[in-house]
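Data first, discussion second: the structure below is written as C-alpha cells.
Numbering (the working numbering), first residue to last: 309 to 597.
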C-alpha cells in the first residue's frame, strides 16, 4: 500500500514515521512550502526520515497513492483539496485531519466525491507528537469505515462516529472549548500567581483539588498553548465561527482565542532558545508571564 501526504508538517511527518515503523514502506509527500528556502531543508529531512518520496503537487500525491492524508493548516484545507482534485482516483480514500470548519469539511467532501473519491473527516483527539500514528482519531463521512478497516492493521487508533463529513470535527471543536480553554486559564492564573510570588501555593491548591495527576495536565497544557499558540488560535477562530453558525454561546471560546492570539502576537515561545520545557516551573523561569 502507498500512503500519500498533502501537507508535511509536524502532524503528517509524525504519522508517517509511525506508519513506517508499522511496515508501510512506500510514502509520497507534498508540502506547499517544500521549495521555500526557509523550509526546504526541513522538508527534505522529514521525507528522508520516513524514507518517502517527494511529489511535485497535491494532485501527484493522489495519482501515486492508494490512501491520501491531508494535514494542512485549516485555512488552506479547501484550496489543498481543490489542488488535489485532478489526481483523485475512483474509490480513493481521502482523509482530512485539518481543523477546518464542519461546513468546509462538507465542501471538501463534495469535491472529493465529484472526482470519485471518498472523504473521511478526521479529528485528532490526543497528543500527536507523542502518539504519532496511534493518536486517537474520530472519523466520519462516507469513507470512514473503509479507512478504519484499511488502516487498523497498522495499529492506528480509529473510532468511527455516525454522521457525514464535519461530524468528527464538530466533536473536536466542542471538546476544544474546554481543552484549549483550560490551558489559557492555567496560564492566566500563573501570570497572576507569579506577580505575587505564590506560584507553588496555587499549583499545590490545584493538585489538592483535582488530584496528583493534574500536575501533568498543568505541565502539558501550559507548554502546549505556548508552543502551538498560532495554530490553536486559528482553530479557536473556527470553533467560534462554528458556534455562531449554530446560534450557540461562544463567550469562553472567544476568550480562549483572544488569549492564544496574545501568546502568538507576543512571540512567547521565542523566549526559549532550546524549546519550551514541558514543565510549568521551567516555563516560569524562562519567561516572566
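Where is the CB? At the ideal position from N, CA and C, for every residue including glycine.
So, helix, strand or coil for residue 504, using DSSP?
-> coil
Please state whether DSSP places residue 361 in a helix, a strand or coil.
-> strand
Helix or strand or just coil, what does DSSP make of residue 481?
-> helix
May I ask you to report which of helix, strand or coil DSSP gives residue 531?
-> helix
Unbroken stretches of the alpha helix (DSSP H), 4 residues or longer, contained in the stretch 535–592 | 537–553 and 559–573
Rounded distance between the beta-carbons of residue 336 and residue 312, thought under 8 angstroms | 4 angstroms
Looking at C-beta atoms only, is the number of pairs between the stretch 567–580 and the stretch 486–501 that lie closer than 8 angstroms three or more?
-> yes
So does the stretch 407–425 actually touch the stretch 384–398, counting three or more Cβ pairs closer than 8 angstroms?
-> yes
Quick one: what does DSSP say residue 402 is sitting in, helix, strand or coil?
-> strand
Taking 8 angstroms as the threshold, find out whether the stretch 499–512 comes into contact with the stretch 442–461 through three or more Cβ pairs.
-> no
What are the boundary residues of the beta strand (DSSP E) that includes residue 313?
-> 310–314
Rounded to whole angstroms, what's the CA-CA distance from residue 403 to residue 364? Just pull it up for me.
-> 20 angstroms
Looking only at DSSP bridge pairs, what is residue 288 linked to?
-> The structure shown does not extend to residue 288, since the chain spans only 309 to 597, so no value can be given for it.
If you draw a straight line from the C-alpha of residue 360 to the C-alpha of residue 501, how long is it?
-> 48 angstroms
C-alpha distance - residue 437 paired with residue 324, whole-angstrom precision | 11 angstroms
What three-state label does DSSP hand residue 429 in the structure shown?
-> strand
Whole-number beta carbon distance between residue 522 and residue 530, since they are thought to touch under 8 angstroms | No, residue 530 and residue 522 are not in contact; Cβ-Cβ is about 12 angstroms, not under 8 angstroms.
Could you give the distance in angstroms between the alpha-carbon of residue 587 and the alpha-carbon of residue 527?
-> 5 angstroms
Take residue 450 as the anchor and find which of 549, 470, 440 and 327 has the nearest alpha-carbon.
-> 470
Quick one: Cα of residue 474 to Cα of residue 409, how far?
-> 7 angstroms
Short CB-CB distance (under 8 angstroms) between residue 367 and chain D = Considering every chain present, this structure includes no chain D. It has just one protein chain.
How about residue 464 and residue 445: do their beta carbons lie closer than 8 angstroms?
-> yes
Give me the Cα-Cα distance between residue 477 and residue 377, rounded to the nearest whole angstrom.
-> 15 angstroms
Are residue 564 and residue 544 touching if we call contact CB-CB under 8 angstroms?
-> yes
Based on the DSSP output, what are the partners of residue 336 in its beta bridges?
-> 312 and 361
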